[in-house]
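Have a look at the structure below before the remarks.
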Amino acid sequence: MVNGELVAVPVRFTGRRDGASMDMTGVDLLTVRDGKIVEVHLFSENGVAEDRFWGRP
329 MVNGELVAVP VRFTGRRDGA SMDMTGVDLL TVRDGKIVEV HLFSENGVAE DRFWGRP
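Right, dumping it as structure tokens:
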């Protein structure tokens with residue numbers, strides 16, 4: 329979805345790390361200027377679970 333210089337992209341991502349696994353959806357919000365991505369905001373389905381996967385409290 330495009331609105332001016334903002335682009336919303338539905339994503340699905342998976343990962344395995346130290347015996348743990350993750351399979352999650354989300355939305356990436358990109359700011360595009362002059363054909364280049366200049367800013368990114370990531371919105372995960374479950375931020376707490378993703379932080380736990382990466383070892384963040």
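Mind the numbering: the sequence shown is residues 329 to 385 in the working numbering, read in order. All C-beta atoms in this analysis are idealised placements derived from N, C-alpha and C, irrespective of residue type, glycine included. Computed from a predicted model, the values in this text were never measured in an experiment.
Spatial distance of residue i from residue j (CA atoms)
i: A377; j: F341; result: 13 Å
i: V397; j: E373; result: Residue numbering for the chain in the displayed model covers 329 to 385; residue 397 lies beyond these limits and cannot be assessed.
i: V337; j: L357; result: 6 Å
i: D362; j: G347; result: 42 Å
i: R384; j: G375; result: 11 Å
Under the three-state DSSP convention, the category residue i falls into
i: D362; result: coil
i: G332; result: coil
i: R384; result: coil
CB of residue i within 8 Å of CB of residue j, strictly
i: G343; j: F371; result: no
i: V339; j: V360; result: no
Cross-strand partners of residue i (DSSP beta bridge)
i: P338; result: V355
i: E367; result: T359
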